[in-house]
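So for the sequence shown, our numbering puts the first residue at 1238; every next one is plus one. Beneath this line is the structure, given in structure tokens, with notes to follow.
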Amino acid sequence: MGKLILFAAPSGAGKTTIVRHLLKVIDSLSFSVSATTRAKRSHEQEGVDYYFMSPDCFRQKIAAQDFVEWVEVYANQYYGTLRSEIERLWMEQRDIIFDIDVKGAMMIKAAYPKETLAIFVKPPSTQTLIDRLTARGTESAESLKKRIQRFEEELSYQNKFDYILVNDILSHTLQEAEKIVLQFIQDGYAHYERH
Ligand code: 5GP
1238 MGKLILFAAP SGAGKTTIVR HLLKVIDSLS FSVSATTRAK RSHEQEGVDY
1288 YFMSPDCFRQ KIAAQDFVEW VEVYANQYYG TLRSEIERLW MEQRDIIFDI
1338 DVKGAMMIKA AYPKETLAIF VKPPSTQTLI DRLTARGTES AESLKKRIQR
1388 FEEELSYQNK FDYILVNDIL SHTLQEAEKI VLQFIQDGYA HYERH
């Protein structure tokens, strides 16, 4: 069975950049495409970035127990990992990398404890996070405020993770991420203290 590599972080911590980098440099990795009900952004592709669906469709899948984990982040804004997605990639002998929120990460780790490495990415400070989100330009004032509130909440989970990766200088972070993920794929928990 392949490994599950979870990257959770407050958005703006640089997690997406790290996940994309790892997908480029580590051959055995595939991205776990999540389901979501949020609106598709212009550069995003169905089935590549997310499986986009209506809230009703998402709720039907919850009822059918199709999800390993799911969250409703804001009213009617759901994100979740389909069991079928993990099974599909495992059938293809892949290791799977996830871009996921902290609660979802903990649920996957609980469901697959032996196969999972959970990595928490964090910016060096709250101000760095605010600067990065502002520079990205995708956030309204209201959504920026919501994201900062979530950031404070998400930080409280960091010690439940196997590894905390502080994203200060990106090139260093990418190297460190590559090293720990490759080590885990090869040797499992030999290098880690479990929480
Ligand atoms: P975005 O809307 O910017 O693509 O993602 C918002 C947040 O949802 C990010 O923190 C992302 O990691 C998280 N997310 C994406 N997919 C999933 C998923 O399948 N499950 C959970 N729990 N969170 C997810």
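Ideal Cβ placement from N, Cα and C applies to all residues, glycine included.
Please report how far the alpha carbon of residue i lies from the alpha carbon of residue j, in whole angstroms.
i            : j            : result
residue 1413 : residue 1253 : 15 angstroms
residue 1258 : residue 1250 : 15 angstroms
residue 1369 : residue 1330 : 36 angstroms
residue 1428 : residue 1305 : 27 angstroms
residue 1345 : residue 1240 : 12 angstroms
residue 1391 : residue 1384 : 10 angstroms
residue 1347 : residue 1381 : 31 angstroms
residue 1301 : residue 1408 : 43 angstroms
residue 1349 : residue 1261 : 25 angstroms
Just mark residue i as buried or exposed, buried being the case when its beta carbon has 16 or more other beta carbons within 10 Å.
i            : result
residue 1311 : exposed
residue 1341 : buried
residue 1277 : exposed
residue 1270 : buried
residue 1272 : buried
residue 1361 : exposed
residue 1405 : exposed
residue 1299 : exposed
If you measure between the beta carbons of residue i and residue j, is that distance less than 8 angstroms?
i            : j            : result
residue 1246 : residue 1418 : no
residue 1410 : residue 1255 : yes
residue 1339 : residue 1394 : yes
residue 1313 : residue 1274 : yes
residue 1334 : residue 1244 : yes
residue 1366 : residue 1398 : no
ask   = Using 8 angstroms as the threshold, is the stretch 1350 to 1362 in touch with the stretch 1306 to 1321, meaning 3 or more CB pairs across them?
value = With a cut-off of 8 angstroms, the stretch 1306 to 1321 and the stretch 1350 to 1362 do not count as touching, because too few Cβ pairs lie within range.
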